[in-house]
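Residue numbers (our numbering): 1 to 258. All C-beta atoms, glycine included, are put in the ideal place defined by N, C-alpha and C. I have placed the structure first, in the form of structure tokens, so that the comments after it can refer back to it.
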């Protein structure tokens with residue numbers, strides 16, 4: 001089983017001291033050449049006069065942009081601790097028991113415009129980079145990652161593993177598992193709850209994370225989209241839709257609330 005998770009714009013600050021970034025120790029070392037190029041370009045872009053426009057951030061985030069210039073020296077945390085948005089709050093990797101945490105370390109992959117793909121235990125510094133940023137000396141990042149990530153995801157899923165994709169379209173643009181549309185499931189949360197209340201984006205993200213937490217805690221290893229839907233349906237009403245065209249993923253729609 002492979003669970004693809006997006007990063008989050010919200011990130012915890014670096015600790016006061018500790019280990020600096022060691023690119024060679026991150027999971028998936030085959031990504032190191034592209035990681036190095038993007039990291040160097042992000043550092044250079046953040047030091048430039050047009051940093052805000054290239055990174056698509058407001059001047060109020062000047063401190064985060066300046067911090068980008070020190071990414072090679074900043075103390076690091078595990079990726080599971082760095083990312084702190086609502087989806088990661090719902091995923092709550094730190095709250096899993098020992099068995100579920102072991103499953104998460106082998107199943108969860110966090111995708112990122114900077115790092116490409118990470119395991120939860122990989123140590124990284126906090127950074128500011130949107131997937132659509134225009135880094136100095138580089139074009140859009142999505143095509144670069146699409147050249148390497150789809151095959152990596154397919155290898156990680158294995159010959160018969162299910163793929164649960166929690167990412168939005170902007171991060172799916174970094175790459176979908178190559179040739180695995182028949183066993184890839186994209187999770188959506190209905191914007192109207194069971195009681196008729198409107199679901200906001202923050203709540204929808206948190207529930208997507210909670211669904212993955214439930215899957216990991218259940219100990220289940222579903223063999224197909226129907227089996228995955230059955231596990232998620234233990235907690236929420238769900239509707240599973242087949243791909244509209246061959247090669248596209250399945251869609252699992254979840255309704256939150258009562």
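1. Could you give the first and the last residue of the continuous beta strand (DSSP E) run that contains residue 165?
2. Which whole-angstrom value is the C-beta distance of residue 255 and residue 157, which I expect to be below 8 Å?
3. My parser needs the beta strand (DSSP E) runs of 3 or more residues fully inside the segment 172 to 240; what are they?
4. Closest by CA to residue 142, which one among 16, 24, 13, 38?
5. Considering only the beta carbon of each residue, do residue 207 and residue 252 sit closer than 9 Å?
6. Three or more C-beta pairs under 8 Å: does that hold for the segment 124 to 137 against the segment 154 to 174?
7. Residues in its own chain within less than 8 Å of residue 34 by CB, not counting five upstream and five downstream?
8. For residue 120, count neighbouring C-beta atoms within 10 Å of its own C-beta (all shown protein chains included) and say buried if the count is 16 or more, exposed if not.
9. Can you have a look at residue 112 and say buried or exposed, based on whether 16 or more other CB atoms are within 10 angstroms of its CB?
10. In its own chain, which residues sit with a C-beta less than 6 Å from the C-beta of residue 232, not counting the 5 before and 5 after it?
11. Start and end of the beta strand (DSSP E) containing residue 271?
12. Could you spell out where the alpha helix (DSSP H) holding residue 46 opens and where it closes?
13. Indicate whether residue 14 and residue 126 have their beta-carbon atoms separated by less than 9 Å.
14. Can you tell me the Cα-Cα spacing of residue 150 and residue 49, whole angstroms?
15. Excluding sequence positions up to five away, which residues of its chain have a Cβ less than 6 Å from the Cβ of residue 220?
16. Tell me whether residue 8 is buried or exposed, calling it buried when 16 or more other Cβ atoms sit within 10 Å of its Cβ.
17. Between the C-alpha atoms of residue 177 and residue 248, what's the straight-line distance to the nearest angstrom?
18. Of all the options 77, 30, 3, 28, which has the alpha carbon lying nearest to the alpha carbon of residue 21?
In this structure, then:
1. 163 to 165
2. Actually they do not touch by this definition, with Cβ atoms about 27 Å apart.
3. 184 to 189
4. 38
5. no
6. yes
7. 116, 144, 145, 148
8. buried
9. buried
10. 211, 238
11. This structure cannot settle anything about residue 271, because the visible part of the chain is limited to 1 through 258.
12. 32 to 46
13. yes
14. 35 Å
15. 231
16. buried
17. 10 Å
18. 77
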